[in-house]
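K.L.:
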Amino acid sequence: MLGTPSLRGRSVQVLSEAELDIIHETTLRTLSEVGVRFEDKEALSIFRKCPDAQVIGSLVQLQPKLIEQTIEKSPSHFQLHARNPKFTLSMGDDRVFYSGGYGATFVCDSENQLYRQATLADVRKYLILADAMENVHYQLMPFVPQDVPAAYAELYAMALQFNYTEKHIGISTPHSMFIGEILDIGKRVAGDLGVEGPVFSWGCVSNSPLGFPQDSLPKLIAASRAGIPFLIVSGAMAGTTAPVTLAGTLVVQNAEVLAGAALCQLVNPGTPVAYGTFSGGVDMRTGKWTAAGPEMALISGATSQLCKRYQIPFGYGTGGIADSQIPDVRAGLEKTLTTLFAAMCGVEMIHDGVSGLIGSAMAHCFEQLIIDNEMANLINRLLNGIEVNDETLAFDIIKSVGPGGNFLNKNHTAKNYKKELYISKLFSKESLLRWPESDLETTLAKARDQVKQILETHHPSPLPPETRVFIEATLEKITGTERKLFKRTG
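In our numbering, the protein residues as written are 758 to 1247.
In structure tokens form, the structure reads like this:
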């Protein structure tokens, strides 16, 4: 069951309407007077055919008219189809969804506070756990497995994504090789399961400031031609790859995303495009990305406003990553800061929102994933707000109980308490006085128990045998190595 299909973000506003106007106008100036560099011959050829784009070497200057047309042609609504239709997501409806985690290379052993390199078995383990989390709506590639050749690691992880979750998946590939084979796999999965649309989405990350690397653009062009939902993601870093001022960072980010969206719409008008950002700040003492900083939260909130203005779905607003190296109090504080603020600002897809990511996204902790899911449950209750109607106002009950009475034994209480009062399955609410004698587990220990239980009892429906054979054969063709992938990790 989806955790938040009906939840809508609150109305926290980072920028005023006048400030949004200024950000947009400065973005248009940046695109037309400065331009964006596209390091790909086919992309440049496409822009040369557009009268509202000027190509100077690899630099493309985009006129306001082209950006207006891009916004107009980009769908305001589209679906992210899932293997199981009940997990299909409708983008552009002001809902709040959470994705799982992406791209870690280490696993945190929380019991011993040690790290080890991630393997394909860890990818499978994470996907099964996240498939069981009601608040993971969108499954990403959780790890780059380190026990297979690096050139093919993300392809093997992608294969496991298709098999070990019934939810929509976002795939990642490090370069633009094997595009045809990836599209064939996606088409085969959807066809064998009778799903009406692509069960995966793709994306690319800009090369800030104001550029797109060569490897990302063939993916963008191919996905657009195939009608695959595509995320244009900027990771502009205030003070290094963007101005240190957050308004300036927003301008760089916005220019990059709109330029990428323009290429999508020139290739295939109506391509489902989603806006993405992990832009934030850096620690000026070390130059390190601060994944859990308030700057990232503010940028995600402001980006949500821009997406609503453009009516482009916000498919990737980062939140839920901890810079803390272990699943501790600090990790909880950092994750809640960015995830709660994103939800209150109406970020549509909180990327890494229920992820278990710690160590600035370098590691996953399986127990932290369980805790993150509970954090999302609490946030969801806030988003649900207070329902006001005759039943909830309860005037007749108030009148019947009267001054000094008690509501505990009333049918109204029994009928409504589960909906109104959130009851945690993870956090203990025992009295402090009872704690020393009750032998109660810590939250981390309880999460560890849940990890074990889920892995023993939760079994996502696998792909049909013929589909799995096709995927393994395709990967063997690519890698030159026969690998019984699903047996190897299962």
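Glycine is no exception: its CB is placed at the ideal position from the N, C-alpha and C atoms.
Does SER958 pass the burial test, meaning 16 or more other C-beta atoms within 10 Å, or should it be called exposed?
P.N.:
SER958 is buried by the Cβ-count criterion.
K.L.:
Hey, how far is the Cα of SER1112 from the Cα of ALA1171?
P.N.:
The alpha-carbon atoms of SER1112 and ALA1171 are separated by roughly 34 angstroms.
K.L.:
State the Cα-Cα distance for the pair ALA1230 and GLY984, rounded to the nearest angstrom.
P.N.:
Cα-Cα distance, rounded: 25 angstroms.
K.L.:
How long is the line joining the alpha carbons of VAL771 and ALA1059, rounded to whole angstroms?
P.N.:
Going by the C-alpha atoms only, they are around 5 angstroms apart.
K.L.:
Given that a residue counts as buried once 16 or more other Cβ atoms are within 10 Å of its Cβ, and exposed if not, what is GLN918?
P.N.:
With 16 or more other Cβ atoms within 10 Å, it is buried.
K.L.:
So, does the region 990-1006 touch the region 1031-1041, judging by three or more C-beta pairs under 8 angstroms?
P.N.:
Enough Cβ pairs lie closer than 8 angstroms, so yes.
K.L.:
Are the CB atoms of VAL1014 and SER981 nearer to each other than 7 angstroms?
P.N.:
No, these two residues do not count as a Cβ contact at 7 angstroms.
K.L.:
Do TYR855 and ALA1133 count as a contact pair if the criterion is CB distance below 7 angstroms?
P.N.:
It is a contact, given that the beta carbons lie within the stated cut-off.
K.L.:
What are the start and end residues of the alpha helix (DSSP H) that includes TYR859?
P.N.:
First-last for TYR859: undefined, no H or E at that position.
K.L.:
Leaving out five residues before and five after ILE828 in sequence, what residues of the same chain have Cβ atoms less than 6 angstroms from its Cβ?
P.N.:
Taken in chain order, the residues that qualify are TYR1067.
K.L.:
Per DSSP, which one or two residues make a beta bridge with CYS865?
P.N.:
BP columns for CYS865 point to TYR872.
K.L.:
Shortest alpha-carbon distance to ILE1115 belongs to which of THR1047, LYS1186, LEU1139, CYS1064?
P.N.:
When only C-alpha atoms are compared, the closest one is THR1047.
K.L.:
How about VAL1104 and PHE1071: do their beta carbons lie closer than 7 angstroms?
P.N.:
Yes; because the gap between Cβ atoms is below 7 angstroms, this pair is in contact.
K.L.:
Using CA coordinates, which residue listed in PRO1000, PRO902, THR1200 is at the minimum distance from ASP879?
P.N.:
ASP879 has its Cα closest to that of PRO902, out of PRO1000, PRO902, THR1200.
K.L.:
Along the alpha helix (DSSP H) that carries SER1117, what are the first and last residues, could you check?
P.N.:
SER1117 -> no alpha helix (DSSP H), and no H or E assigned at all.
K.L.:
Does the region 845-861 come into contact with the region 892-907, if we say contact requires no fewer than three beta-carbon pairs (one atom in each stretch) closer than 8 angstroms?
P.N.:
Yes, they touch.
K.L.:
What do you get for PRO1221, buried or exposed, if any count of 16 or more other CB atoms within 10 angstroms of its CB means buried?
P.N.:
The residue is exposed, with fewer than 16 neighbouring Cβ atoms inside 10 Å.
K.L.:
Tell me which residue opens and which closes the beta strand (DSSP E) that GLY1033 is part of.
P.N.:
Counting along the chain, the beta strand (DSSP E) containing GLY1033 begins and ends at 1030-1034.
K.L.:
Whole angstroms is fine: what's the gap from MET1264's alpha carbon to ILE813's?
P.N.:
Outside the displayed span of the chain (758 to 1247) sits residue 1264, for which this structure offers no information.
K.L.:
Within this structure, are the beta carbons of MET1260 and PHE863 separated by less than 7 angstroms?
P.N.:
No answer is possible for residue 1260: it lies beyond the span of the chain, which begins at 758 and ends at 1247.
K.L.:
Let me confirm a value: LYS924 is counted as buried when at least 16 other C-beta atoms fall within 10 Å, else exposed. Which label applies?
P.N.:
LYS924 comes out buried.
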